[in-house]
Amino acid sequence: AWHAAVLIAVTEFKGQKSFSKACVVFKLYKLSLFDLDGAYNAIKPVLDGLRYTRVIKDDSTEDIDLKVKQIKVAHKKDERVEIEISEK
């Protein structure tokens, strides 16, 4: 389901200018929280997708300020991922 949601969001973004320097914040709403490296590994495919589709210029530290936040939820139905992208 998240695959479809990302494709829809990227399709809506097409035609807009890419963020050359971006602040990217992933908010992971999870029943069981990841450890720190697990959280960053979990978002890697989506971050690469943002780069491949040119929503962001690159995922290097010169081009993005990356943050991953985790929020514990009480029910599986409340799990989701939110992505905020703004100009750096």
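Per our numbering, residue -18 is the first one in the sequence shown, and the count goes up by one each step. Glycine is no exception: its CB is placed at the ideal position from the N, C-alpha and C atoms.
Only buried fits L31, as 16 or more other CB atoms lie within 10 angstroms of its CB. Under DSSP, K53 forms a beta bridge with K11. Nearest in C-alpha terms to V27, of all of E43, K8, V54, is K8.
Scanning its chain for C-beta atoms nearer than 8 Å, with the 5 sequence neighbours on each side dropped, one finds around D40 the residues L28, D29, L31, R32, L47, in chain order. For R32, the uninterrupted alpha helix (DSSP H) segment begins and ends at 17 to 33.
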